[in-house]
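One structure is given here, and the rest of the page talks about it.
Protein chains in written order, with our numbering: chain A, 1 to 295; chain B, 296 to 563.
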């Protein structure tokens, strides 16, 4: 294993990792504004990709128009999920809410199978297959594009959480009752966070399906998303970004070193190890908030 | 008890609250707060003080409680069916027990979060007003609120409530866990806000001594019922109140204390 190809794995890994961050960002958005860990983020990503294809193929819209329409559709679906499935659970034990999001994950995945079947369909964004040359390193163009989009989204959400609306969402996540007591419409805030998260899922879904096509395996991005979100600290957008890069690099290097020895699957092993170790060693992640205890 | 017939900002008539459809928390509570007045609701732990406040601010539903009987009126309007944020909009602010500041937000952000219903100009004006009442919050405005001292957090909780431009400020045990000099300072500021702005205040307290110093009128609640109400001066002179809520008569010699406890002369 020479140094150049190792560096290449690391560089592409970092870019892939940024695309993991985008999935994690959806989880963080909801957690940061309502303290709900959303296990349906993977299948929301998958659903969004199918919605884009539905607009592009059935309605015959050009791909960028289809993506815009899908963003609007998913915004509404995000609002609907909150309204129908989660609102009545507000204030209930977190385990029930967690199980509800798991139920949604399974429902969306199974539903998509019923409607669209299980064959993989291509999503063509018109990004060329020719690699970019970064010095001696070959970089995948689709990964590079995804990474740039992720960083732009990151910038947007950092600004958003400093805005008045963003402060209100953070307040809701801190204390529902106190938020009600100062006139915050908690329900509306939580609904907005789901809608934004569904929009992020759309963008992640488009980027990932341009790489691997559209099928139910997109929902497995949940594992990457959860690992990155937990490693980054669940309520930290910046944490999700850095944790994504970290996981991507470790995965890239590990798979190029270990795959020949273990015969594949080392990526998922690395994922699982990262998730388990984070929870054991540093449960609040790299940049997550501590629960403040004054002594 | 011939209080002059002033306009009432808040009027509770025979309120009854149940939690989880079964347990009766307060039974037939009636309270009036006059416009611009300052009224205390006194009582021991678990007497139903917080429940009464939550029935007014609408925060009962979050805890699976509901007002089953009685009438809630704010400036003559029935508010029983309104959502919490609509009651805040009308001008009812509830400072929760245990302060409940947004711990991961700075004091400045706490105040911003509480202005969801107001324009940016109103928000900035309200912030200036809160910082002028509580200059210490201004000094600490960039620290995470979870790291503020108990007194500072209480000031922030009150300031946050003031950001909603209330007509009626309800406080749930603002003296809880605070040093006496801080209690005095906070109560003095409350008195000032009441006088300067004509803000009506409903103060819930276990610390009856401190509360009766600043209010004009007090209600005493026990086991979910109002058992007594009178002017603050009259309550302070009442021997039962002195015995049970004001720490007994002065100059008491421990040798003379009876070995049985004094019976309360009201029914609960």
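C-beta: ideal position from N, C-alpha, C; glycine also. Model, not experiment: these values are computed from the prediction.
C-alpha gap between residue i and residue j, whole angstroms
i, j, result
"residue 513(B)", "residue 541(B)", "14 Å"
"residue 300(A)", "residue 411(B)", "Here chain A covers residues 1 to 295 and nothing more, so residue 300(A) does not appear."
"residue 503(B)", "residue 419(B)", "36 Å"
"residue 323(B)", "residue 525(B)", "18 Å"
"residue 311(B)", "residue 365(B)", "6 Å"
"residue 52(A)", "residue 415(B)", "38 Å"
"residue 314(B)", "residue 270(A)", "49 Å"
"residue 117(A)", "residue 127(A)", "26 Å"
"residue 57(A)", "residue 206(A)", "14 Å"
"residue 329(B)", "residue 511(B)", "10 Å"
"residue 150(A)", "residue 178(A)", "33 Å"
"residue 16(A)", "residue 201(A)", "16 Å"
"residue 97(A)", "residue 501(B)", "37 Å"
"residue 406(B)", "residue 161(A)", "15 Å"
"residue 476(B)", "residue 483(B)", "10 Å"
"residue 88(A)", "residue 408(B)", "24 Å"
"residue 276(A)", "residue 244(A)", "16 Å"
"residue 217(A)", "residue 27(A)", "18 Å"
"residue 295(A)", "residue 429(B)", "Note that residue 295(A) scores a pLDDT of 47, beneath 50, so its modelled location is shaky and nothing firm can be said."
"residue 296(B)", "residue 528(B)", "Caution applies to residue 296(B), whose pLDDT of 43 falls short of 50 and renders its modelled position unreliable; the model cannot decide the point."
"residue 437(B)", "residue 103(A)", "41 Å"
Per-residue burial, residue i [other beta carbons within 10 Å of its own, 16 or more giving buried]
i, result
"residue 532(B)", "exposed"
"residue 316(B)", "exposed"
"residue 18(A)", "buried"
"residue 427(B)", "exposed"
"residue 464(B)", "buried"
"residue 417(B)", "exposed"
"residue 442(B)", "exposed"
"residue 251(A)", "buried"
"residue 129(A)", "exposed"
"residue 208(A)", "buried"
"residue 163(A)", "exposed"
"residue 534(B)", "exposed"
"residue 13(A)", "buried"
"residue 625(B)", "The requested residue 625(B) is not part of the displayed model; chain B covers only 296 to 563."
"residue 452(B)", "buried"
"residue 285(A)", "buried"
"residue 190(A)", "buried"
"residue 148(A)", "exposed"
Collapsed DSSP secondary structure at residue i in the structure displayed
i, result
"residue 512(B)", "strand"
"residue 462(B)", "coil"
"residue 296(A)", "Nothing in the structure corresponds to residue 296(A), since chain A is present only between 1 and 295."
"residue 474(B)", "coil"
"residue 296(B)", "Because residue 296(B) sits at a pLDDT of 43, beneath the cut-off of 50, its placement in the model cannot be relied upon, and the following sentence gives the value as read from the coordinates. Coil at residue 296(B), not helix or strand."
"residue 365(B)", "strand"
"residue 423(B)", "helix"
"residue 378(B)", "coil"
"residue 94(A)", "helix"
"residue 523(B)", "strand"
"residue 502(B)", "coil"
"residue 389(B)", "strand"
"residue 329(B)", "strand"
"residue 360(B)", "strand"
"residue 213(A)", "coil"
Cβ distance (whole Å) where residue i is taken to contact residue j below 8 Å
i, j, result
"residue 343(B)", "residue 536(B)", "So it is not a contact: roughly 18 Å between Cβ atoms."
"residue 303(B)", "residue 386(B)", "Their Cβ separation, rounded to whole angstroms, is 14 Å, which puts residue 303(B) and residue 386(B) out of contact at 8 Å."
"residue 21(A)", "residue 173(A)", "About 20 Å; that fails the 8 Å criterion."
"residue 468(B)", "residue 392(B)", "5 Å"
"residue 23(A)", "residue 204(A)", "5 Å"
"residue 521(B)", "residue 350(B)", "Not really, about 13 Å apart at Cβ, beyond 8 Å."
"residue 519(B)", "residue 319(B)", "7 Å"
"residue 440(B)", "residue 398(B)", "5 Å"
Option nearest residue i by Cα separation, candidates the options
i, options, result
"residue 46(A)", "137(A), 74(A), 258(A), 171(A)", "74(A)"
"residue 125(A)", "243(A), 239(A), 213(A)", "213(A)"
"residue 268(A)", "247(A), 286(A), 11(A)", "247(A)"
"residue 296(A)", "108(A), 199(A), 233(A)", "Outside the shown range of chain A (1 to 295) lies residue 296(A), about which nothing can therefore be said."
"residue 332(B)", "523(B), 495(B), 477(B)", "495(B)"
"residue 346(B)", "466(B), 370(B), 402(B)", "466(B)"
"residue 215(A)", "50(A), 25(A), 70(A)", "50(A)"
"residue 445(B)", "433(B), 459(B), 481(B)", "481(B)"
"residue 424(B)", "309(B), 375(B), 454(B), 369(B)", "454(B)"
"residue 354(B)", "261(A), 279(A), 176(A)", "176(A)"
"residue 184(A)", "195(A), 166(A), 99(A), 197(A)", "166(A)"
"residue 135(A)", "4(A), 143(A), 92(A)", "4(A)"
"residue 309(B)", "486(B), 534(B), 363(B)", "363(B)"
"residue 497(B)", "307(B), 320(B), 334(B)", "334(B)"
"residue 356(B)", "370(B), 379(B), 373(B), 341(B)", "379(B)"
"residue 234(A)", "262(A), 54(A), 282(A), 70(A)", "282(A)"
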